[in-house]
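Worksheet for the structure shown next.
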Amino acid sequence: MTTRLAGSTDYETATAFTQNVYPAINDHTRPGAVILLNDSELAAALPGVTFIHHPIDGAVLLTAQDSLPDATREEIERLHPEGVHVDGDVQAYIVGGERYVSSDVQQTVEAMGLKTSRIRGETPVEVAANADQYLSTIHANHRDTTFIADVDDPQIAIPAQSWNAHGGDGFLYIDGDRIPETTQEQLEARFDEAYMYLLGDESKISERAARNLGRFGHVQRIPRGSDPYELSVGFAGYKDVGRNQGWIFGEWPRNIGWGIAESGHNFIFVNPENWQIALPACVESHRGKHGPMLHVERETVPDAVENYLTNLIRPYDAAPYDRKYNHGWIVGETDQISQRVQAQLHAMLQEPQGDQ
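Sequential numbering from 1 applies to the sequence shown in this note's numbering.
Structural data, given as structure tokens:
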């Protein structure tokens, strides 16, 4: 089946997802904090999605640069975040410097009685590096696994951040063939070597850039990285499990990607052109039904997504109960993902192969 969550504005759609995941009826159903993201620049907002993961357990909401929208304000009041105990009981994270979220917005949140912390940065590269350092400080460890995206092509990286809401791995930017100094510092901070996963094929992240990154550790591309639609499918089926430095000490091994190639799973369907509502929807990979994000167009299910759902996810007559566990969140109003596309997705998730 499919379920559409939407509001009359992007701000309201964001709150629809936080309301779905955090009923806020007691301390156990409240988020640790809210995460306020700029609503106009994807590259600066995207690094903040990683704050959804534990131990922050954050709810992503949208804000304008210079004022806090009414829908966001009301949702913060309803959520009444518990506070992140390992970070001094911070209740709201402001992602980016004042060019992205003004001091007026921060003061408005503080006037509501919330303790805030700002992830600084005057460029998206700096925001990503500072977010990585901030989270590493909370964990007392730089995770050796990190995703790498080109700062000029952040749209292709959205599905990886949906994974990070679930898995909490690193996220950093490069700038063409250049590895910014702040990114280098975060890669060097990994114990021994980093494991870097490139979000994009050679047309997005060149071989020269990949070789430059190789100085800091192991480099691997997420498959099918020619565009956001292809990469969302490639990442949904991708899985990399192996040893890392922590494995030596009996810690968790390296484990990246969903690796889903059979029916019985949850998916989040978003139009990447409407990234503002895609980012709050990532919370469904954290406290929802824990599944990957797939990209669709307003009026079309891209061939890559259709083939993946039809050939691998669609239930079979021999196992009809799988359809009970196939589910898709439709993110946004019908002018963002049409009813026709929703009906197609519903059929791919529910109708057994024999009914095609």
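Using N, Cα and C, we set each Cβ at its ideal position, and we do this for glycine too.
Remember, predicted model here, so these are calculated numbers, not experimental data.
Mind checking residue i: buried by the 16 CB within 10 Å criterion, or exposed?
i, result
"valine 95", "buried"
"glutamine 350", "buried"
"histidine 286", "buried"
"arginine 208", "exposed"
"phenylalanine 17", "buried"
"glutamine 186", "buried"
"proline 31", "buried"
"arginine 221", "buried"
"arginine 340", "exposed"
"histidine 166", "buried"
"glutamine 107", "exposed"
"proline 272", "buried"
"glutamine 253", "One point to set straight first is that residue 253 is proline, not glutamine, in the sequence displayed. So proline 253 ends up on the exposed side."
"glutamate 75", "buried"
"phenylalanine 191", "exposed"
"glutamate 333", "buried"
"glycine 176", "exposed"
"aspartate 144", "buried"
"methionine 182", "Sequence inspection shows threonine at residue 182; the methionine mentioned does not correspond to that position. Buried, by the Cβ-count rule."
"glycine 257", "buried"
"aspartate 27", "exposed"
"glutamate 126", "buried"
"glycine 242", "exposed"
From which residue to which residue does the beta strand (DSSP E) around residue i run?
i, result
"tyrosine 93", "92–95"
"arginine 224", "Element bounds for arginine 224: n/a, residue is neither H nor E."
"aspartate 240", "240–242"
"histidine 327", "327–331"
"leucine 294", "293–295"
"arginine 118", "116–119"
"valine 270", "266–270"
"glutamate 340", "Looking at the sequence itself, residue 340 is arginine, so the reference to glutamate does not match. Run containing arginine 340: none in the beta strand (DSSP E); it sits in the alpha helix (DSSP H), 339–350."
Give the range of the alpha helix (DSSP H) segment to which residue i is assigned.
i, result
"serine 103", "103–111"
"leucine 79", "70–79"
"valine 127", "124–139"
"valine 21", "10–21"
At the level of alpha carbons, what is the spacing between residue i and residue j?
i, j, result
"glutamine 356", "proline 315", "Here glutamine 356 scores only 46 on pLDDT, less than 50, and its place in the model should not be relied on; the value that follows carries that caveat. Spanning the two alpha carbons is a distance of roughly 11 Å."
"alanine 153", "lysine 204", "Per the sequence presented here, residue 153 reads as aspartate, with alanine not at that position. Approximately 8 Å, taken between the alpha carbons."
"serine 102", "alanine 111", "14 Å"
"glutamate 12", "aspartate 201", "35 Å"
"leucine 199", "isoleucine 158", "10 Å"
"valine 296", "valine 84", "35 Å"
"phenylalanine 171", "serine 206", "18 Å"
"glycine 259", "glutamine 91", "34 Å"
"methionine 1", "aspartate 240", "29 Å"
"alanine 6", "arginine 211", "43 Å"
"tyrosine 173", "asparagine 274", "21 Å"
"proline 223", "glycine 113", "45 Å"
- Is the number of C-beta pairs between the stretch 284–303 and the stretch 257–267 that are closer than 8 Å three or more? Taking 8 Å as the limit for Cβ pairs, the verdict is that the stretch 257–267 does touch the stretch 284–303.
- Go through the stretch 149–221 residue by residue and report every complete run of the beta strand (DSSP E) that reaches 3 residues or more, in order. If only uninterrupted beta strand (DSSP E) runs of at least 3 residues are considered, those enclosed by the stretch 149–221 are 170–174, 194–198 and 217–221.
- Query: Looking at C-beta atoms only, is the number of pairs between the stretch 212–231 and the stretch 187–200 that lie closer than 8 Å three or more?
  - Reply: These segments touch.
- Indicate whether the contact test is met: 3 or more Cβ pairs, each with one atom in the stretch 6–24 and one in the stretch 70–80, closer than 8 Å. Touching, per the Cβ criterion.
- Item | the stretch 226–240 touching the stretch 127–141, judged by at least three CB pairs closer than 8 Å | At 8 Å Cβ cutoff, the stretches do not touch.
- Task: Identify every run of the beta strand (DSSP E) within the stretch 27–58, keeping only runs that are complete inside it and at least 3 residues long; order them along the chain.
- Result: Listed in chain order, they are 33–38.
- Tell me, please, whether the stretch 56–74 touches the stretch 32–40 by the rule of three or more beta-carbon pairs shorter than 8 Å. Touching, yes, given that three or more Cβ pairs across the two stretches are closer than 8 Å.
- Message: Runs of 4 residues minimum, wholly inside the stretch 275–310: which ones carry the alpha helix (DSSP H) assignment?
- Response: For the stretch 275–310, whole alpha helix (DSSP H) runs of length 4 or above, ordered along the chain, are 275–281 and 303–308.
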